[in-house]
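K.L.:
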């Protein structure tokens, strides 16, 4: 495509007007041309793109690579609910071509089923398959789908337990689980605040280091969990990229938010330490959302036979989180007015920010677990926790600078190690 | 109820193979040869006791669907259309291929058969299409039937995309064994050969492709039953009666309802495990539409096992017992009064039973490997007074 030539007799553009196609050096070859109108500047590349697409579609230049073999089919089970009279499976066609489910085999036996919507499942299409089946309480079952081409895709019901339907008692029960794994431990951890206030500066720094250790554990844990969930997603969703991008975006958003209220930015009344505490609570909250989803899904999908033991484990595991949140609020911190005393509502709010997402997570996981949503939330948690680690680390560093010391002390390292160790050891209670 | 609609055929990766490799005119030749036997006036008798199409008010047919619903949803959705497949398990039951019969100068009967191997897709369970290799367009291939001592001449044309052979279980020379590297060896696509031998011993036998890799060539569907009737003139004395009953040209043979069942299975995703089990290829064919038999008629079932990947298969008859002739090479039963037998791959035998004095109704038969049964190898005899 060439720029339209200028008809004779048209006035020359002034030197200020934008010039199309001017070279880096040499005479201004285009100076004699009329500037390209804006609509044309947009239209030309679009038209070129369309022309190329049309060529690809109708000209068939890549015929060499084409075979008549349809691409391999890929059907993924998103969820299998256990209903009183059978199974209800949600499947996604993650393959490049439409798929038709021809038959359903449950535990090596052909079984009747209904599929909604019926017929061909388009690319990225989602269908619900209802299978009447006399499942056995507490035992595993396997559901296989046979497509018209004979390919088989298997989904597992690890332990057959009726999937709760979201009624009032179920909401209450799952909410209670969320309270126990989210709110209660965070609140319990915060009860250490008066004790923390009486600690010396160096000991407090060690507690901050402990918080970092705890957060590093959560970073690793959340990351692995996120990638585990991402791996179950259909390839087309690009689960791993989704996790990393969610983490990156979250981190960038927190950076921008943080820049708005850095020292020097006026109009912020919140002390910096409170901001840091809020950030920790937010990051932990997202982690707890993921944790709540995992627990809710485990309960509803029958994978968590340990029940209350699991809840106790999570409670212990998460107490450290409460300590971590309030550690920056202890007196003597930079940005804290001499007489700054956090009020009760501050603690309540922080507890809610950090703990309440566990309730939401338990509901989501229990009643409408979606691996895609889970991967995104875990990715967000990943980014938030990373930024919180940076912020708490900065608190430690600033304190050290003010006292002309280094933050890399044995006491801080011990605190860090203790944080990691406590989280790791209490995690032994809840991993299954 | 939103019900699933299987059975819709579409272009798949298998058509590519067919179209691509058969393109050079072989398809046309194959088609002619496949149609050859039928055009030559071959006998395709309607099965004696089988209803090819159920009447709309057929009690047993609708009755069974109701029964299926009662069993809590067990079984596949939909039915396989024999017209689409080009063969019907109910017709395969009694579709004997006696060949082109002629008499040699010495008085020996000669039977000429034509068998063509082609690539073909067929439905093995409703909506599930298998990319098979088949003899004469069907699985199992034609049930070749002859009489002990006949001269057998099989013209084999390979219209498929891979080298194939026909290996007969029976007595013949090494050159006629249909194995790679011996005699004509592997018959390349587009090539043909003739297998020739005298039919011995009498019994219920089989044939299959012996090209390598053997497992795939058998699993893809290249096999069929090969039945040699005893010649009553060679079996005087106490066995003569049974020999006449087995001999398809004797009047006594008309008193017996004869059926052939080839137990087979299909690994639709090629992972070495079968997804579909059946007799005569179509899963649950005789459950969805039971085999109608008369209760006072003697039943003779030629049973052949060609299941790949599983070491054994079995046959169990409900509410009744049968006599069993292992390999069919004897005229006295090798097992008396049993209701279950098992066969390894290529093992076969003859079952004889009747339902004299039984209450009419559906009597089940199936593999007594429950897994095989529930994956398709299950059926009913509809016993009528």
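Protein chains in written order, with the working numbering: chain A, 223 to 654; chain B, 18 to 402. Glycine included, C-beta positions come from ideal geometry on N, C-alpha and C. On a predicted model such as this, the values are computed, not experimentally measured, just so you know.
1) For a contact meaning CB atoms closer than 9 Å, what does residue 292 (chain B) contact in chain A?
2) Would the region 400–419 of chain A and the region 322–335 of chain A be scored as touching if the rule is three or more Cβ pairs under 8 Å?
3) Measuring alpha carbon to alpha carbon, tell me which residue in B:313, B:211, B:145, B:351 is nearest residue 342 (chain B).
4) Sorted by chain position, which residues of the same chain lie with C-beta nearer than 6 Å to residue 53 (chain B)'s C-beta, five sequence neighbours on each side aside?
5) Any C-beta of chain A within less than 8 Å: which residues of the region 228–250 of chain B qualify?
6) Under 8 Å between C-beta atoms, does residue 331 (chain A) make it to chain B?
7) Would you mind reading off the limits of the alpha helix (DSSP H) that contains residue 352 (chain A)?
8) Quick one: using the 10 Å Cβ neighbour count with 16 as the cut-off for buried, is residue 277 (chain A) buried or exposed?
9) Check whether the Cβ atoms of residue 360 (chain B) and residue 330 (chain B) lie closer than 8 Å to each other.
10) If residue 444 (chain A) sits next to residue 546 (chain A), beta carbons under 8 Å apart, how far is it from one beta carbon to the other, in whole angstroms?
11) Residues of the region 275–290 of chain B in Cβ contact with chain A at a cutoff of 7 Å, in chain order, please.
12) Specify the secondary structure class of residue 162 (chain B) as computed by DSSP and reduced to three states.
13) For residue 586 (chain A), which residues in the same chain have their Cβ closer than 6 Å to its Cβ, ignoring the five residues on either side in sequence?
14) According to a CB-to-CB cut-off of less than 7 Å, which residues of the region 92–103 of chain B neighbour chain A?
15) Report all residues from its chain with a CB closer than 6 Å to the CB of residue 549 (chain A); omit the five preceding and five following residues, and keep chain order.
16) Leaving out five residues on either side along the sequence, give the residues of the same chain with a beta carbon under 6 Å from the beta carbon of residue 335 (chain B).
17) Identify the continuous beta strand (DSSP E) that holds residue 243 (chain B) and give its terminal residues.
18) At what residues does the alpha helix (DSSP H) containing residue 270 (chain B) begin and finish?
19) Quick check: what's the CA-CA separation for residue 214 (chain B) versus residue 201 (chain B)?
20) Locate the alpha helix (DSSP H) running through residue 621 (chain A), then write down its first and last residues.
21) What's the gap between the Cα of residue 303 (chain A) and the Cα of residue 175 (chain B)?
22) When you compare only the Cα positions, how much space is there between residue 389 (chain B) and residue 282 (chain B)?
23) Relative to the C-alpha of residue 386 (chain A), which candidate in A:306, A:353, A:413 has its C-alpha closest?
24) Does DSSP classify residue 274 (chain A) as helix, strand or coil?
25) Looking at chain B, which residues of the region 332–346 of chain A have a Cβ within less than 9 Å of any of its Cβ atoms?
26) Give a yes or no on whether 8 Å exceeds the smallest Cβ distance from residue 322 (chain A) to chain B.
27) Excluding the 5 residues flanking residue 203 (chain A) on each side, which residues of the same chain have their C-beta closer than 6 Å to its C-beta?
28) Under a CB-based cut-off of 8 Å, is residue 325 (chain B) close to chain A?
29) Can you give, in chain order, each stretch of the beta strand (DSSP E) that sits fully within the region 338–389 of chain B and has at least 3 residues?
30) Compile a chain-ordered list of the residues in the region 345–359 of chain A whose CB is closer than 8 Å to at least one CB of chain B.
31) Where DSSP assigns a beta bridge to residue 301 (chain A), which residues make up the other side?
32) Would residue 280 (chain B) and residue 324 (chain B) be called neighbours here (beta carbons separated by less than 8 Å)?
33) Write down the C-beta distance between residue 290 (chain B) and residue 326 (chain B) rounded to the nearest angstrom, noting that I regard them as a contact closer than 8 Å.
34) May I ask which residues mark the beginning and end of the alpha helix (DSSP H) holding residue 261 (chain B)?
35) State buried or exposed for residue 337 (chain A), treating a residue as buried only when at least 16 other CB atoms are found within 10 Å of its CB.
36) Along chain A, in chain order, which residues have C-beta atoms closer than 7 Å to that of residue 355 (chain B)?
P.N.:
Reading off the structure:
1) 325, 327, 366, 368, 372, 374
2) no
3) B:351
4) Reliability of the predicted coordinates at residue 53 (chain B) is poor, the pLDDT of 36 falling under 50, and the value obtained from them is presented with this limitation in mind. Within the same chain, residue 53 (chain B) has close Cβ partners 131.
5) none
6) yes
7) Careful: residue 352 (chain A) lies outside any alpha helix (DSSP H), inside the beta strand (DSSP E) at 348–354.
8) exposed
9) yes
10) Residue 444 (chain A) to residue 546 (chain A), Cβ: 15 Å. No contact.
11) 285, 286
12) strand
13) 515
14) 92, 93, 94
15) 429, 430, 433
16) 380, 381
17) 240–246
18) Taken as a continuous stretch (DSSP letters only), residue 270 (chain B) belongs to no alpha helix (DSSP H), as it is neither H nor E.
19) 14 Å
20) 593–624
21) 50 Å
22) 9 Å
23) A:306
24) helix
25) 332, 333, 334, 335, 336, 337, 338, 339, 340, 341, 342
26) yes
27) Lying before the first or after the last residue shown, residue 203 (chain A) is absent from chain A, which here runs from 223 to 654.
28) no
29) 339–343, 352–355, 357–361, 365–370, 378–383
30) 353, 354, 355, 356
31) A:312
32) yes
33) 6 Å
34) 257–263
35) buried
36) In chain order: nothing, as chain A lies at least about 26 Å away.
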